[in-house]
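Residue numbers (the UniProt record's numbering): 1 to 355.
C-beta atoms are modelled at their ideal positions from N, C-alpha and C, and glycine is treated no differently.
Because the structure is a prediction, the values reported are computed rather than measured.
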DNA sequence: GAGACGTGGTT
DNA sequence: TAACCAAGTCT
C-alpha cells in the first residue's frame, strides 16, 4: 500500500525543486532577493490573465519603462493606455488596469492594499489575482488557484469530478497543501510546475518532483486529469470593414464603444458581424473590395472580415465620430489585431491600385 | 452557472 | 484544419 504524500511533504518537495529550477521572469525578484514591488506584481498578474508568458514579456517591459509606478500609470491618458495594450487582448483588462491604478493612487495614497479583501475590491482584481498579489508581493498565506494549480491539484489527488463542478474540492485540496510560510514561492512553484512539467498534454512525470506524492502518476493516464466537459463549437460570422484614405496620407479611424468586444479601442468603421451583415458603405465613394477577407478567431466566434477601400478628397468628411489618422504613424493608433491586419491588406490594395 | 471577452502558439 | 490552451474577471 502506497503512502500518499502528506501536505507538508508536498510543499517541501515542491519548494526544494523551486529553489533550484524557478523560472527567471522579468516580474520576479532575483533569487535570494526580497525586493518585491507590489505594482510590478499586480501589473504582471493582470497581463498574465489568460495570456502566455511569451506574449506578456514585451508589454511588461514597455509598461514598466513608460509608467514605472502606480502613480505614473494613474496619471496616464486613457488613449495612451489602450494603445499600449493593443495586441494583448481582453481589453477590459486595460480599462480596469487604469481604473485600479487611479483607485490605488487616489483612495490608498498610492499604496496597494496588503490583504486579499482589500485587493479583491479593486477593479479587475478577482479571487485569483487578489490571492496571488497577497502571497507574492506581501508574503501573506493565500490559496492561489489558477488553471495550472487546478490541473496540478486535480492530478495530485486524482480528482475525477469534471470541471467546473470540481472547483470546491480542488480549492479545498489546494488549501490543505498551501504552507504557512513562503506562500508566494509556493504559488509560483505550483504555476511553474503546471507550465513546464505538469502540462495539459504529455506531462513530464519522469522529472516531476511530486511524482511520489501524485495519485494520478499511479494511474494509467495522468493527463486524463482534470476531467473537463467538451466545449461547443464556435460559430462563424461575416463582416465588412471600411478603409477610407485621403491623398494626403490619412485614414479615417473611429473609437469603438467603451464596453463589449474590442471596447474602447480604435478601429476601422465596420458593419455588424453576423450571418448576413449589412454591407452598405458608410459614405458614397468608389469602393474597391480586397479579394481575400481577413480571418480572425475570437474567444467565442470566428470572423471573416471583407475589407473595402476608398480614396476620397482631402476635404471629405465621413459620417459620425472619428478622426483622420496619419498613415505614417498608424502603429501608434493602437489598433487591435483584427484591424491591424485589415489595415495591412487595405494598404497593400492601395499600393497595387494607386492612381 | 454560463457566456462574453483576444490573441497566438501547439497539437 | 480545427481544437485546445494560457498566471481570469465581470455580468
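Helix, strand or coil at residue i according to DSSP, with G and I counted as helix
i	result
residue 139	coil
residue 326	strand
residue 259	coil
residue 61	helix
residue 29	coil
residue 70	helix
residue 196	helix
residue 163	strand
residue 124	coil
residue 355	With a pLDDT of 48 at residue 355, under the threshold of 50, the modelled position of that residue is not reliable, and the figure given next carries that caveat. If DSSP states are grouped into helix, strand and coil, residue 355 belongs with coil.
residue 236	strand
Alpha-carbon to alpha-carbon, residue j and residue i
i	j	result
residue 36	residue 100	19 Å
residue 341	residue 294	7 Å
residue 303	residue 240	10 Å
residue 343	residue 71	35 Å
residue 181	residue 141	7 Å
residue 8	residue 329	56 Å
residue 224	residue 159	10 Å
residue 16	residue 305	51 Å
residue 197	residue 213	15 Å
residue 53	residue 317	43 Å
residue 157	residue 221	14 Å
Sequence-distant residues of the same chain with beta carbon closer than 8 Å to residue i, five excluded per side
i	result
residue 133	38, 41, 42, 45, 112, 119 and 125
residue 175	143
residue 106	74
residue 29	35 and 36
residue 345	290, 292, 294 and 307
residue 189	14, 15, 17, 18 and 22
residue 263	91, 92, 95, 256 and 257
8 Å Cβ cutoff met for residue i and residue j
i	j	result
residue 150	residue 203	no
residue 253	residue 351	no
residue 177	residue 11	yes
residue 320	residue 265	no
residue 82	residue 92	no
residue 312	residue 280	no
residue 238	residue 277	yes
residue 270	residue 287	no
residue 148	residue 194	yes
Bridge partners - residue i, DSSP secondary structure assignment
i	result
residue 254	267
residue 246	250
residue 294	305
residue 289	308
6 Å Cβ shell around residue i - same chain, five flanking residues per side excluded
i	result
residue 153	170, 173 and 174
residue 129	45
residue 114	138
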